[in-house]
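Q: This structure is in structure tokens; I'll ask about it shortly.
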Amino acid sequence: MNFVSKICHSNYKRLCFFLVTLGPGLIVMLADTDFGSIIVAAQSGAVWGYRLLALQIILIPILYIAQELTLRLGLVTKLGHGQLIKKHFGNFWAWFSVLTLIVCCFGALISELSGIAGVGLLFNIPTWLSLLITIGFLIVLVWTRCYNSVERVAIAIGAFELIYFYVAFKAQPSGKEMWQGLTTLPLYSSNFLKVLQ
Numbered sequence: 473m474n475f476v477s478k479i480c481h482s483n484y485k486r487l488c489f490f491l492v493t494l495g496p497g498l499i500v501m502l503a504d505t506d507f508g509s510i511i512v513a514a515q516s517g518a519v520w521g522y523r524l525l526a527l528q529i530i531l532i533p534i535l536y537i538a539q540e541l542t543l544r545l546g547l548v549t550k551l552g553h554g555q556l557i558k559k560h561f562g563n564f565w566a567w568f569s570v571l572t573l574i575v576c577c578f579g580a581l582i583s584e585l586s587g588i589a590g591v592g593l594l595f596n597i598p599t600w601l602s603l604l605i606t607i608g609f610l611i612v613l614v615w616t617r618c619y620n621s622v623e624r625v626a627i628a629i630g631a632f633e634l635i636y637f638y639v640a641f642k643a644q645p646s647g648k649e650m651w652q653g654l655t656t657l658p659l660y661s662s663n664f665l666k667v668l669q
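Counting in this note's numbering, the sequence shown runs from 473 upward without gaps.
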């Protein structure tokens, strides 16, 4: 009985560690599914169809490695992006990196707020009201100063993205068309090469 309880305890610890690392990993994954990315992906898909499928398959290991490295770096060092750069490269590069990150985040925030305003208008919600609710929610979330609450809210919101599986299933993709898209890449097209960049 003692041996069985040790195995159960060991498996429980592994499961807990997996769940602890899963949360930040999911947050990193959700970073590429903002409003701007979804619009660009929809437009590209409308133009190129299944010919983008091969690129998605090629990107899987690249994105996995980037996310894995980010996750491991944070877990092992217990330091954030700016702190790590400051520790190894000094104050100047840390501030330079953080300032560029702020500019990128500001652009992403504008994109997100534009998307929320657009979705609000679809449901006849005035732009000012949908933006007021969103900004108020973000202020309250930041005010908590708790990463765990931010992470939980982000995962809950990200769970809505499971709808893509339903949409893909309802679209009933043709296996023949998917295979043709995988095997025919229009590398001669300058517009397609721009998408690759």
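Even glycine gets a Cβ: it sits at the ideal position worked out from N, Cα and C.
Which of the three DSSP states is assigned to Phe-595 in this structure?
A: Locating residue 595 in the sequence shown gives position 123, where the first residue counts as 1. Coil, per DSSP.
Q: Kindly give me the distance between the Cβ atoms of Leu-527 and Leu-668, rounded to whole angstroms, as I take these residues to be in contact under 8 Å.
A: Translated into the one-based positions of the sequence shown, residue 527 becomes position 55. Translated into the one-based positions of the sequence shown, residue 668 becomes position 196. Right, the Cβ-Cβ distance comes to about 7 Å (below 8 Å), so this counts as a contact.
Q: Can you give me the C-alpha to C-alpha distance between Leu-604 and Lys-550, rounded to a whole angstrom?
A: Translated into the one-based positions of the sequence shown, residue 604 becomes position 132. Translated into the one-based positions of the sequence shown, residue 550 becomes position 78. Cα-Cα distance, rounded: 34 Å.
Q: Give the secondary structure of Lys-550 by DSSP, where H, G and I count as helix, E and B as strand, and everything else as coil.
A: Taking the sequence shown and counting its residues from 1, the one referred to as residue 550 is at position 78. Correct three-state label for Lys-550: coil.
Q: Taking its Cβ as the centre, do 16 or more other Cβ atoms sit within 10 Å of Ile-557, making it buried, or is it exposed?
A: Here residue 557 is taken as the residue at index 85 of the sequence shown, counted from 1. Its Cβ being crowded by 16 or more others within 10 Å, Ile-557 is buried.
Q: Would Leu-525 be called buried (16 or more neighbouring beta carbons within 10 Å of its own) or exposed?
A: Sequence index remark: in the sequence shown, residue 525 carries index 53 (1-based). By the 10 Å Cβ count, Leu-525 comes out buried.
Q: Exposed or buried, which one is Arg-523 when buried takes at least 16 other CB atoms within 10 Å?
A: As a position in the sequence shown, residue 523 is number 51, starting the count at 1. Classification of Arg-523: buried, given that the 10 Å Cβ count is 16 or more.
Q: Does the Cβ-Cβ distance between Phe-507 and Ser-621 come in under 7 Å?
A: For this step, residue 507 is matched to residue 35 along the sequence shown. For this step, residue 621 is matched to residue 149 along the sequence shown. Against a cut-off of 7 Å, the Cβ pair of Ser-621 and Phe-507 comes out as no contact.
Q: Of all the alpha helix (DSSP H) runs that stay within the bounds of the stretch 527 to 589, which reach a length of 4 or more residues?
A: The stretch 527 to 589 contains these whole alpha helix (DSSP H) runs: 553 to 561.
Q: Hey, how far is the Cα of His-560 from the Cα of Trp-567?
A: As a position in the sequence shown, residue 560 is number 88, starting the count at 1. As a position in the sequence shown, residue 567 is number 95, starting the count at 1. Rounded to the nearest angstrom, the two C-alpha atoms are 13 Å apart.
Q: In whole angstroms, what separates the C-alpha of Val-476 from that of Leu-531?
A: By 1-based counting over the sequence shown, the position of residue 476 is 4. By 1-based counting over the sequence shown, the position of residue 531 is 59. At Val-476, the pLDDT of 47 sits below 50, so the modelled position is not reliable; the number obtained from the coordinates is stated separately. Approximately 42 Å between the Cα atoms of the pair.
Q: Specify whether the stretch 636 to 655 and the stretch 510 to 523 touch according to this definition: at least 3 beta carbon pairs, one from each stretch, less than 8 Å apart.
A: As far as the Cβ criterion goes, the stretch 636 to 655 touches the stretch 510 to 523, which means the pair count is three or higher.
Q: Whole-angstrom Cβ separation of Leu-585 and Thr-606, contact assumed at under 8 Å?
A: For this step, residue 585 is matched to residue 113 along the sequence shown. For this step, residue 606 is matched to residue 134 along the sequence shown. With a Cβ gap of about 7 Å, Leu-585 and Thr-606 count as contacting.
Q: Expressed to the nearest angstrom, what Euclidean distance is found between the alpha-carbon atoms of Ile-588 and Leu-610?
A: Translated into positions along the sequence shown, residue 588 becomes position 116. Translated into positions along the sequence shown, residue 610 becomes position 138. Their backbone Cα atoms lie some 13 Å apart in a straight line.
Q: Can you tell me where the alpha helix (DSSP H) holding Gly-653 begins and where it ends?
A: Numbered from its first residue, the sequence shown carries residue 653 at position 181. Taken as a continuous stretch (DSSP letters only), the alpha helix (DSSP H) holding Gly-653 covers 647 to 655.
Q: Rounded to the nearest angstrom, what separates Leu-601 and Glu-633 at their Cα positions?
A: Locating residue 601 in the sequence shown gives position 129, where the first residue counts as 1. Locating residue 633 in the sequence shown gives position 161, where the first residue counts as 1. Rounded to whole angstroms, Leu-601 to Glu-633 spans 24 Å at the Cα level.
Q: Roughly how many angstroms separate the alpha carbons of Cys-576 and Ser-482, rounded to a whole number?
A: In the sequence shown, counting from the first residue as 1, residue 576 sits at position 104. In the sequence shown, counting from the first residue as 1, residue 482 sits at position 10. If I take the Cα positions, the gap works out to 42 Å.
Q: If you follow the alpha helix (DSSP H) that Tyr-638 is part of, which residue opens it and which one closes it?
A: Numbered from its first residue, the sequence shown carries residue 638 at position 166. 635 to 643 is the span of the alpha helix (DSSP H), which, as asked, contains Tyr-638.
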